[in-house]
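Number of protein chains: 4
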Amino acid sequence: MSKKPVCLILGAGAGIGGHVGQKFAEQGYHTVLARRSDEEGLKKLVAQIHEIGGTGSGRLINAIDEGAIENLISDIEAHEGPIEVVVFNLGAQVGNQSLEETSYKTFELGWRMTSFALFRLAKTIAPIMEARGGGTILVTSATSALRGNAGQHSHAAAIGGRRMLCQSLNAELAAKGIHICHIYIDAAIEAPDTLGKLLGDELYQKLLAERAHGKDGMVIPKHVAETYYHIAHQHRSAWTFEIDIRPFSEKPWWNS
Amino acid sequence: MSKKPVCLILGAGAGIGGHVGQKFAEQGYHTVLARRSDEEGLKKLVAQIHEIGGTGSGRLINAIDEGAIENLISDIEAHEGPIEVVVFNLGAQVGNQSLEETSYKTFELGWRMTSFALFRLAKTIAPIMEARGGGTILVTSATSALRGNAGQHSHAAAIGGRRMLCQSLNAELAAKGIHICHIYIDAAIEAPDTLGKLLGDELYQKLLAERAHGKDGMVIPKHVAETYYHIAHQHRSAWTFEIDIRPFSEKPWWNS
Amino acid sequence: MSKKPVCLILGAGAGIGGHVGQKFAEQGYHTVLARRSDEEGLKKLVAQIHEIGGTGSGRLINAIDEGAIENLISDIEAHEGPIEVVVFNLGAQVGNQSLEETSYKTFELGWRMTSFALFRLAKTIAPIMEARGGGTILVTSATSALRGNAGQHSHAAAIGGRRMLCQSLNAELAAKGIHICHIYIDAAIEAPDTLGKLLGDELYQKLLAERAHGKDGMVIPKHVAETYYHIAHQHRSAWTFEIDIRPFSEKPWWNS
Amino acid sequence: MSKKPVCLILGAGAGIGGHVGQKFAEQGYHTVLARRSDEEGLKKLVAQIHEIGGTGSGRLINAIDEGAIENLISDIEAHEGPIEVVVFNLGAQVGNQSLEETSYKTFELGWRMTSFALFRLAKTIAPIMEARGGGTILVTSATSALRGNAGQHSHAAAIGGRRMLCQSLNAELAAKGIHICHIYIDAAIEAPDTLGKLLGDELYQKLLAERAHGKDGMVIPKHVAETYYHIAHQHRSAWTFEIDIRPFSEKPWWNS
């Protein structure tokens with residue numbers, strides 16, 4: 009049982025999830041990294057936390073399994089410490105799929121991974137946080153939460169609904185001390201575990217060559233982590249509910 | 009088999025669905041009214057269509073049943089006529105429920121009734137409409153599609169996601185001649201079958217006494233039907249994707 | 009003095025203004041067409057109204073002149089009839105201008121032509137309409153009212169402010185029976201007097217060749233006029249505050 | 009001539025402007041505080057900067073005077089140092105005024121103080137910043153930039169237009185290294201120089217008693233200053249264009 013406050017990262021790959029975890033660990037949080045697969049990768053992320061003198065653990069869970077999120081939370085609360093911050097970093101971006109290509113299964117999975125999973129998380133953690141006087145839930149989101157687009161039938165429906173859920177949760181929970189923030193990344197992210205896998209290695213390396221490597225034309229996760237940490241530590245007289253993130257060189261969604 | 013174009017109303021109670029059905033029937037559409045329950049009420053609506061010299065039929069279906077929407081469409085196409093207009097009028101407003109009160113089942117049902125049902129409808133009807141050069145899908149929506157609020161966890165997530173789905177569908181289908189319009193009603197509606205049942209008779213009568221009966225302070229379905237009909241008949245050089253509806257005396261959601 | 013209700017078009021060229029005027033005249037309104045220049049063009053528009061058996065008049069005014077809008081209204085009220093509908097069709101689109109190219113004068117003129125002119129109109133006509141129990145103000149707007157973009161410094165600031173003014177006016181005036189609707193055209197319009205002049209004849213003809221002439225890829229004013237007329241005649245239990253218009257083949261601003 | 013980078017605060021009272029100035033001074037910026045009146049108050053703010061070991065100066069200017077902003081910038085650039093950050097903190101909130109109460113003069117002044125003043129600032133400073141490879145412009149805004157409301161005719165038109173201007177500036181300038189952020193405060197602020205004067209002392213003290221003094225129910229400027237500073241120092245791969253600020257206990261504008 010850690011004496012530190014716990015930061016739980018749901019969806020901790022080598023992109024935003026992992027880097028936000030590092031940042032919180034570095035700042036004194038006991039950080040629990042949860043992800044669906046790649047035990048090797050997960051161990052590496054936990055090892056990095058230990059290397060900088062932090063504490064934390066890794067969990068392999070499939071968030072859409074019945075009880076998975078619920079049990080994870082009670083287990084952490086029982087054995088690791090009180091969860092003060094949750095970074096909800098699950099997404100279900102499947103790339104561009106036409107209506108014909110998008111199966112019922114994909115559409116349902118998108119909803120289960122993002123909207124329903126956040127609802128389950130909130131149902132489970134909100135009473136615990138409320139009893140302790142507060143807590144923080146940071147939700148990583150994307151442009152499709154703000155506007156649907158061709159090929160985004162499943163993704164936009166899932167995370168657009170989740171954004172409205174965040175507003176509903178905020179309307180009930182903020183005054184009880186629970187800070188919810190919808191952080192939407194409006195650009196490609198340097199994230200080998202998500203964008204890298206979505207595009208395939210060749211395309212991903214091409215994208216990096218064009219925009220990354222000193223050009224700062226893709227979102228760099230370690231820098232975004234600074235903003236996550238800042239938001240989680242805003243004074244309660246000055247909370248933010250929504251914030252957009254994109255590279256300087258990227259057009260915002262409303263212009264592109 | 010009707011020689012008329014078909015207008016299908018999914019969710020045809022004695023409110024917007026029923027009145028929009030009447031309007032289209034009156035204007036020469038063969039109108040199919042589908043709803044989940046109340047065979048008596050459904051027969052009455054169909055009878056009203058016949059009384060004004062229109063043609064149409066009634067169907068009792070539970071839209072969330074597997075295959076229900078898909079079979080309905082193929083059946084109508086096979087036996088009644090080509091569906092030119094669909095009015096998607098299904099909702100899952102459950103009144104105000106706190107996070108604690110909102111069950112997983114309610115949350116899932118909300119999504120199945122609104123977001124997933126529209127997706128299933130679109131997957132089924134879009135290729136048919138596209139092959140015929142076009143069609144119209146009008147989606148009845150509500151304020152919670154635009155902003156979440158306390159007690160709206162399930163409803164806002166469901167219809168907020170559906171709004172983003174409408175934008176995604178529009179991005180793919182508009183140029184193929186399929187007109188999608190998200191019509192959101194930003195006020196209480198004179199609708200005994202939905203609001204009436206949600207509030208219970210006493211509260212509903214009280215509301216009517218305060219705002220209806222000549223005061224026009226609640227949305228009157230037969231008048232909204234005029235706007236549905238207008239939207240469905242806009243020239244393709246001047247289509248509308250989104251429109252709000254409220255009584256003159258009601259504050260818009262952004263002011264209240 | 010006409011016994012008909014008056015429809016005043018502020019900004020009546022051979023595009024939306026002129027065609028909306030025709031529509032209202034055809035439906036029995038005494039229609040006053042006001043524009044800044046081109047007496048010849050104005051006479052032609054008035055003649056077209058007379059040809060279809062309508063009544064109306066033309067006024068050459070520069071709306072930004074001190075007192076011009078105010079005097080126009082009192083003059084019409086005194087000599088032509090009670091103004092029931094105003095179509096506020098003034099714009100100040102100056103094409104794409106970088107920050108460097110946009111002069112203080114242009115920026116101020118943009119504001120005077122759109123935001124301040126509507127404010128002056130509203131101050132003048134609202135008390136008159138209110139005393140008569142109601143009226144309608146339809147404001148033609150454009151995409152830049154919803155999002156700023158490169159080269160739109162002046163235009164977006166002017167009409168973005170005007171949109172917020174429309175919401176403020178609506179918040180005060182709707183319950184008094186004054187229907188305000190912000191109609192934004194999210195595409196190029198077949199309008200020789202505005203887009204034609206902005207682009208120059210060669211480019212405008214090229215655009216027409218690509219998108220108009222049976223392709224319906226530009227907004228056709230006479231079809232938009234139907235929607236203006238519909239909005240102005242919505243029952244007060246079912247008013248619309250905002251509506252978007254674009255051709256079927258055009259991507260909405262949130263997708264392009 | 010300071011060797012430090014300069015942070016210019018336009019609109020530096022004892023609220024957000026003053027506290028943001030303190031924060032930047034504390035972090036090593038030479039801070040120039042500009043305001044319209046109250047030389048005494050201005051001296052006090054500059055003295056506070058010196059007390060914490062910072063450097064800075066105070067300027068009394070009326071931003072709407074011809075050339076005032078332009079001359080201020082060239083004077084600072086010539087005599088104090090290179091302006092790296094501008095905090096544009098001018099507002100023109102005049103309290104609730106009905107349409108009848110709002111004079112043409114008030115409406116014009118609102119525009120001059122907020123929208124036009126930012127345009128003049130941007131025209132003047134953007135080329136200088138661009139030549140140096142970048143800079144930051146943080147714009148303090150308010151709820152009326154997002155939605156108009158009763159009594160906000162002047163204020164909403166002015167700052168709603170300014171928000172669209174910010175988007176237009178961002179579309180042109182971000183890729184040139186100039187970070188623009190629209191920070192909107194969606195609640196009452198503990199600011200004796202603005203809200204205090206607007207409400208009068210009695211009402212303001214009443215509001216403080218109800219919501220401030222340990223309740224954190226009003227925005228506390230020194231805490232907001234942390235977020236301004238954070239935004240100004242985001243890595244260019246992860247910039248924010250818009251952020252909302254309100255106390256935990258306050259309903260967002262979309263819910264109230």
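Protein chains in written order, with our numbering: chain A, 9 to 264; chain B, 9 to 264; chain C, 9 to 264; chain D, 9 to 264.
All residues carry an ideal CB built from backbone N, CA and C; glycine is no exception.
Quantities reported herein were computed from a predicted structural model and do not represent experimental measurements.
Nearest-angstrom beta carbon gap, W262 (chain B) and W262 (chain D) [assumed within contact, 8 Å]: 7 Å
Ignoring anything shorter than 3 residues, give me the beta strand (DSSP E) runs that lie fully in the stretch 72–101 of chain B, in order along the chain. 91–96
Between which two residues does the beta strand (DSSP E) holding G26 (chain A) run? Note, G26 (chain A): premise wrong, no beta strand (DSSP E); alpha helix (DSSP H) at 24–34.
Tell me D252 (chain D)'s beta-bridge partners as DSSP assigns them. D:Y192
My output table needs one value for G225 (chain C): the three-state DSSP class, helix, strand or coil. coil
Just reading off the beta strand (DSSP E) that I145 (chain D) is part of, what are its end residues? 143–150
Rounded C-alpha distance that separates D252 (chain B) from I191 (chain B): 6 Å
Taking Cβ to Cβ, would you say G159 (chain A) is nearer than 8 Å to S106 (chain A)? yes
Do you know offhand how far Q213 (chain C)'s Cα is from I145 (chain A)'s? 55 Å
Cut-off 7 Å between Cβ atoms - residues of its own chain near G36 (chain D), not counting five sequence neighbours on either side: K12
Who pairs with S65 (chain B) in a beta bridge, going by DSSP? B:V40
May I ask which residues mark the beginning and end of the beta strand (DSSP E) holding L16 (chain B)? 14–18
How many angstroms separate the CA atom of L203 (chain B) from the CA atom of D224 (chain C)? 41 Å
If you follow the alpha helix (DSSP H) that H161 (chain A) is in, where does it begin and where does it stop? 161–181
Listed from N- to C-terminal order along the chain, which residues in the stretch 218–246 of chain C have their beta-carbon within a distance smaller than 8 Å of any beta-carbon of chain B? D224, G225, M226, V227, I228, H231, V232, E234, T235, H238, Q242, H243, R244, S245, A246
Boundaries of the alpha helix (DSSP H) in which M137 (chain A) is found, first to last residue: 125–139
When you compare the stretch 169–180 of chain C with the stretch 227–239 of chain C, are there three or more beta-carbon pairs, one atom per stretch, that lie closer than 8 Å? no
Can a CB atom of chain B be found closer than 8 Å to the CB of N104 (chain D)? no
Chain C beta carbons: is any one of them nearer than 8 Å to that of R155 (chain A)? yes
Collapsed DSSP secondary structure at H187 (chain D) in the structure displayed: strand
For D209 (chain B), report the span of its alpha helix (DSSP H) as first-last. 209–219
Is the beta carbon of V95 (chain C) closer than 8 Å to that of L18 (chain C)? yes
Nearest-angstrom Cα separation, counted from E34 (chain A) out to E61 (chain A): The residue you asked about is not Glu; residue 61 (chain A) is Gly in the sequence shown. Straight-line Cα distance between these residues: approximately 7 Å.
Residues of chain D with CB closer than 7 Å to the CB of K131 (chain C), please, in chain order. L107
Drop a sphere of 10 angstroms on the beta-carbon of P260 (chain C), count the other beta-carbons inside from all chains shown, and report buried for 16 or more, exposed for fewer. buried
Could you check if D73 (chain A) is buried or exposed, using at least 16 other CB atoms within 10 Å of its CB as the buried criterion? exposed
Determine the closest residue to E92 (chain A) out of A:L206, A:A196, A:R244, A:L16, with distance taken between C-alpha atoms. A:L16
Taking the Cβ atom as the reference point for each residue, do G29 (chain B) and A20 (chain B) lie within a distance shorter than 8 Å? yes
Flag Q175 (chain D) as yes if its beta-carbon sits less than 8 Å from any beta-carbon of chain A, otherwise no. yes
What residue range is occupied by the uninterrupted alpha helix (DSSP H) comprising Q56 (chain A)? 47–59
Could you tell me which chain A residues have their CB closer than 7 Å to the CB of E250 (chain D), listed as they occur along the chain? D252
For I136 (chain B), which of B:F256, B:H243, B:G89, B:V102 has the nearest alpha-carbon? B:G89
Tell me which same chain residues have a C-beta within less than 8 Å of the C-beta of K51 (chain A), skipping the five on either side of it? G66
Quick one: give me the first and last residue of the alpha helix (DSSP H) that G119 (chain D) is part of. In the sequence on display, residue 119 (chain D) carries Trp and not Gly. Residues 112–119.
On the premise that L41 (chain D) lies in contact with G64 (chain D), defined as a C-beta separation below 8 Å, what is that separation, rounded to the nearest angstrom? 6 Å
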